[in-house]
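Trainee:
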Amino acid sequence: MKILFLNGPNLNLLGQREPGVYGRTTLPEIEGRVRQRARELGAEVEFRQSNLEGELVTWIQQAKQDFNVIVLNAAAYTHTSVALRDAISAVSLPTIEIHLSNVYSREEFRHKSLIAPVCRGQISGFGAYSYVLALEAAVNVIETEKQP
Ligand code: DQA
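The numbering used here applies: residue 953 is where the sequence shown begins, and numbers increase by one.
#1: From Lys1016 to Val1055, what does the alpha carbon distance come to, in whole angstroms?
#2: In three-state terms, what does DSSP make of His1031?
#3: Measure the C-alpha to C-alpha separation of Lys954 and Leu993 and round it to an integer number of angstroms.
#4: Looking at Ala1026: is its Cβ nearer than 8 Å to the Cβ of Leu1036?
#5: Can you give me the start and stop residues for the alpha helix (DSSP H) that Gln1013 sits inside?
#6: For the segment 969-978 against the segment 1039-1047, do three or more pairs of beta-carbon atoms, one drawn from each stretch, fall closer than 8 Å, so that the two count as touching?
#7: Let me check one thing: in DSSP terms, what residues is His1063 bridge-paired to?
#8: Using 8 Å for Cβ pairs, my map puts His1031 next to Phe999. What's the rounded Cβ distance?
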């Protein structure tokens, strides 16, 4: 059971970036929390971050070989990227969209997600805990789909 966590632009700045919106937890700290829960659930996780849309596209394309589920915080690309949406459709690996903030309580341009229609589901608004919830959801997807 292998889950790939992909993080998009500016998420390397978590902890110092708009802490009123995103909290004070850094991405490595979030990774630590997810790894701890993953150990309890018997799941393997890998965390990556990129500010480059094309790099995220490549990682999605390659994920099919090694991972069962992708958890994707596409950050600003959520609202703009046809390329990420097409990559998710192309690999047909279950993908869970996540956000730290509640994007629907923010500016109107954040209300539209181009990737939501091709994702299995969406978790938004729980801060760093969105990542732990996504891990739980990912494990549930894998276990549910294993059943005959
Ligand atoms: C975000 C929400 C996006 O609208 C924003 O561009 C981000 C972070 C979140 O996790 O809340 O960079 O994906």
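All residues carry an ideal CB built from backbone N, CA and C; glycine is no exception.
Remember, it's a predicted structure, so these values are computed and weren't measured experimentally.
Mentor: Result, derived from the coordinates:
#1: 28 Å
#2: helix
#3: 11 Å
#4: yes
#5: Glu1005 to Asp1018
#6: no
#7: The partner list for His1063 (beta bridge, DSSP) is empty, contrary to what the question assumes.
#8: Not quite, the Cβ-Cβ distance comes to about 22 Å (not below 8 Å), so this is no contact.
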